[in-house]
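Using this note's numbering, you'd call the opening residue of the sequence shown number 16 and step up by one each time.
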Amino acid sequence: MSTRESMAYDVVIVGAGPAGLAAAIRLKQLAVEAGREIAVCVLEKGSEVGAHILSGAVVDPIALDELLPDWRDMDSPLTVPVTENHHWILTAKRQFSMPHIAMPGFMHNKGTYTLSLGNLCRWLAGQAENLGVEIFPGFAAAEILYNEDGSVKGVATGDMGIGREGEHKPDYQPGMELHARYTFFAEGVRGHLSKMLKGHFDLEADCQPQTYAIGIKELWDIDPDKHVPGRVIHTQGWPLTDEVGGGFLYHQANNQVALGFVVGLGYKNPHLYPFEEFQRWKQHPKIREILEGGRRVSYGARAINEGGWQAVPKLVFPGGALIGCSAGFVNVPRIKGSHTAMKSGMLAAEAAFDAIAADRTGDELAAYPDALEHSWIAKELKVVRNAEPFIAKLGPVAGTLLAGVDMWMRNLGLGLPFTLKHHKDNEGMWRQDVAPRIDYPKPDGVISFDRLSSVFLSNTNHEEDQPVHLQLKDPSVPIDINLPWYDAPEQRYCPAGVYEIVGRDEGDPRLQINAQNCVHCKTCDIKDPTQNINWVTPEGGGGPNYPNM
Numbered sequence: 016m017s018t019r020e021s022m023a024y025d026v027v028i029v030g031a032g033p034a035g036l037a038a039a040i041r042l043k044q045l046a047v048e049a050g051r052e053i054a055v056c057v058l059e060k061g062s063e064v065g066a067h068i069l070s071g072a073v074v075d076p077i078a079l080d081e082l083l084p085d086w087r088d089m090d091s092p093l094t095v096p097v098t099e100n101h102h103w104i105l106t107a108k109r110q111f112s113m114p115h116i117a118m119p120g121f122m123h124n125k126g127t128y129t130l131s132l133g134n135l136c137r138w139l140a141g142q143a144e145n146l147g148v149e150i151f152p153g154f155a156a157a158e159i160l161y162n163e164d165g166s167v168k169g170v171a172t173g174d175m176g177i178g179r180e181g182e183h184k185p186d187y188q189p190g191m192e193l194h195a196r197y198t199f200f201a202e203g204v205r206g207h208l209s210k211m212l213k214g215h216f217d218l219e220a221d222c223q224p225q226t227y228a229i230g231i232k233e234l235w236d237i238d239p240d241k242h243v244p245g246r247v248i249h250t251q252g253w254p255l256t257d258e259v260g261g262g263f264l265y266h267q268a269n270n271q272v273a274l275g276f277v278v279g280l281g282y283k284n285p286h287l288y289p290f291e292e293f294q295r296w297k298q299h300p301k302i303r304e305i306l307e308g309g310r311r312v313s314y315g316a317r318a319i320n321e322g323g324w325q326a327v328p329k330l331v332f333p334g335g336a337l338i339g340c341s342a343g344f345v346n347v348p349r350i351k352g353s354h355t356a357m358k359s360g361m362l363a364a365e366a367a368f369d370a371i372a373a374d375r376t377g378d379e380l381a382a383y384p385d386a387l388e389h390s391w392i393a394k395e396l397k398v399v400r401n402a403e404p405f406i407a408k409l410g411p412v413a414g415t416l417l418a419g420v421d422m423w424m425r426n427l428g429l430g431l432p433f434t435l436k437h438h439k440d441n442e443g444m445w446r447q448d449v450a451p452r453i454d455y456p457k458p459d460g461v462i463s464f465d466r467l468s469s470v471f472l473s474n475t476n477h478e479e480d481q482p483v484h485l486q487l488k489d490p491s492v493p494i495d496i497n498l499p500w501y502d503a504p505e506q507r508y509c510p511a512g513v514y515e516i517v518g519r520d521e522g523d524p525r526l527q528i529n530a531q532n533c534v535h536c537k538t539c540d541i542k543d544p545t546q547n548i549n550w551v552t553p554e555g556g557g558g559p560n561y562p563n564m
């Protein structure tokens with residue numbers, strides 16, 4: 016058995032997204048200001064920084080203004096300011112614009128930018144490396160390490176060169192242990208290790224269940240005559256009638272539009288097919304006219320935190336902290352979370368630096384949640400905390416009206432005297448025999464497409480001869496429960512065609528898992544009715560390779 020080598024740092028950060036990179040930069044800034052050294056490394060499971068990053072994205076630069084005040088003079092990718100902000104209510108054939116004056120001021124996108132979040136992370140990684148941060152792309156943190164006293168010691172990267180049956184292949188290399196005084200988990204939504212930490216330290220004992228949506232996105236080159244840099248469009252209504260969700264279309268740089276569709280994962284109907292809802296949405300006359308004559312160039316999907324302030328878990332535990340979407344700081348009505356993710360990383364960095372300067376190790380960084388409670392993150396999320404649950408409980412029309420009233424009141428310092436609760440997204444799905452079937456049109460290959468051709472555009476790749484990273488706790492459940500009760504919803508909620516029921520015509524159905532298609536969206540880990548699917552980290556470097564999503 017090979018012995019793993021180890022490396023020691025002051026702070027190890029798991030994940031090179033906005034939160035992890037902002038934390039790394041802030042730690043190094045504080046070290047420069049104090050005239051001392053601090054060793055910081057960032058692990059990134061994608062083949063490069065940004066390879067697994069997917070977001071709309073419209074970015075509020077408030078956190079970037081605090082982190083790097085001179086970013087406008089530093090060749091940053093924030094080059095397209097939002098110039099128009101539209102909110103459309105769709106019916107099957109028509110579009111109605113919501114009056115701008117009806118929306119609270121924080122929904123107007125004033126001062127924001129539309130861009131590729133992956134490119135922002137690549138730029139942030141460059142700033143971090145200039146400050147001396149060590150970044151290791153292609154290395155997936157696969158195991159949490161603990162000290163004898165139970166505090167987090169660090170993480171270990173996954174072994175490389177493991178065969179499908181667990182055997183060592185000729186290119187086998189054992190993982191590396193990274194030890195730290197404090198470890199930050201910035202894995203993004205439903206992170207594998209973050210989920211384990213929440214259970215191990217009971218971090219969700221005093222919060223509501225986190226809720227999620229799936230966001231499916233495409234990038235298109237469109238006719239330059241139709242392109243309006245900085246135009247931002249959000250839609251709600253058709254094709255969803257009873258479920259939470261909506262679409263977005265952002266005019267970004269270089270005659271490109273980023274467009275996508277978000278479906279709340281608390282939906283009830285097992286026949287609902289989020290990918291097909293997106294393809295149907297693109298056929299709306301107002302969306303189709305923008306895309307006609309254009310060319311689709313990229314595709315991807317990602318789960319999104321939607322639980323809001325009441326679903327934020329305890330953020331610290333002995334030896335570490337949750338930051339960014341590992342904790343869940345998305346402002347759902349604004350459809351933004353990058354700015355809050357960055358700020359959470361900065362606050363955790365400040366708490367860790369002070370602890371290290373005081374020669375502390377492995378304790379709880381209580382100063383981090385205290386600072387966050389008094390930050391603009393808390394203020395912002397408390398204003399919108401009832402928006403998503405109102406819509407989930409009352410439906411799109413009544414829910415939107417009450418959510419709007421509540422947000423207006425809270426923005427004025429008032430607000431309804433309660434905070435709504437959540438239920439888990441995997442609960443409450445209807446049986447297939449009582450749920451209405453949904454007839455989805457076939458793709459036309461021009462505006463709408465099938466899943467497999469879409470996954471091809473995500474540049475997804477996994478070494479096929481490796482253990483399947485989508486694990487079934489009980490292999491009998493897909494056929495004994497999911498198929499007869501819910502018509503195997505994993506066939507539909509996965510945006511990459513990972514799950515197939517084969518052998519039905521022969522009377523011997525079984526679940527086939529095409530793990531090499533997985534785009535790491537984590538939807539299956541969230542939505543499976545019996546929570547039988549467990550997403551674990553595959554070999555480092557696998558998964559999608561998004562160029563500018």
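Positions of the beta carbon are idealized from the N, C-alpha and C atoms, including for glycine. Quantities reported herein were computed from a predicted structural model and do not represent experimental measurements.
Point to revise | Test item: CB-CB of lysine 43 and glycine 190 under 7 Å | key: No.
Check your understanding: How should serine 473 be labelled, buried or exposed, when 16 other C-beta atoms within 10 angstroms of its C-beta is the threshold for buried?
Key -> In the assembly as shown, serine 473 is a buried residue. Its beta-carbon has 16 or more other beta-carbons within 10 Å.
Practice item. Output the distance between the C-alpha atoms of asparagine 270 and valine 492, rounded to the nearest integer angstrom. Key: In a straight line, the C-alpha of asparagine 270 is about 47 Å away from that of valine 492.
Point to revise | Span of the beta strand (DSSP E) around isoleucine 28 | key: 21-29
Point to revise | Of the residues Ser91, Pro114, Pro96, the one placed nearest glutamine 142, counting alpha carbons only | key: Ser91
Check your understanding: With DSSP run on the structure shown, which of helix, strand or coil describes glycine 32?
Key -> coil
Practice item. Please state if the CB of lysine 439 and the CB of proline 224 are separated by a distance shorter than 7 Å. Key: yes
**Study point:** Same chain, Cβ closer than 8 Å to glycine 245, five either side skipped, listed in chain order
**Key:** Val95, Pro96, Val97, Thr98, Glu99, Thr129, His266
Practice item. Specify, as a first and last residue, the run of the beta strand (DSSP E) that glutamate 163 falls within. Key: No beta strand (DSSP E) holds glutamate 163; DSSP gives it neither H nor E.
Review point. Quick one: what's valine 327 bridged to in DSSP?
Key: Bridge partners of valine 327: none, in fact.
Practice item. Helix, strand or coil for proline 3, going by three-state DSSP, please let me know. Key: A question about residue 3 goes unanswered here, because the residues of the chain that appear run from 16 up to 564.
Exercise for review: Identify whether arginine 51 lies in helix, strand or coil by the three-state DSSP scheme.
Suggested key: Here arginine 51 sits in coil by DSSP.
Review point. How many Å lie between aspartate 454 and leucine 287 at the Cα?
Key: 10 Å
Check your understanding: How many Å lie between phenylalanine 19 and leucine 36 at the Cα?
Key -> First, the residue type needs correcting, since residue 19 is arginine and not phenylalanine in the sequence shown. The alpha-carbon atoms of arginine 19 and leucine 36 are separated by roughly 26 Å.
Point to revise | Contact set for arginine 311: own chain, Cβ-Cβ below 6 Å, skip 5 residues either direction | key: Glu233, Trp235
Review point. What did DSSP end up calling serine 390 once you bin it into helix, strand or coil?
Key: coil
**Study point:** Option nearest glycine 61 by Cα separation, candidates Tyr383, Val55, His535
**Key:** His535
Review point. Using the C-alpha atoms, what's the distance from glycine 153 back to glycine 32?
Key: 14 Å
Review point. Roughly how many angstroms separate the alpha carbons of alanine 72 and leucine 132, rounded to a whole number?
Key: Alanine 72 and leucine 132 have their C-alpha atoms spaced approximately 6 Å apart.
Review point. Count the other CB atoms within 10 Å of the CB of alanine 511; is the residue buried (16 or more) or exposed (fewer)?
Key: buried
Practice item. Classify phenylalanine 433 as buried or exposed, calling it buried when 16 or more other Cβ atoms lie within 10 Å of its own Cβ. Key: exposed
**Study point:** Ordered list of alpha helix (DSSP H) runs contained in the segment 430-489, each at least 4 residues
**Key:** Counting whole runs of 4 or more residues, the segment 430-489 contains the alpha helix (DSSP H) stretches 466-471.
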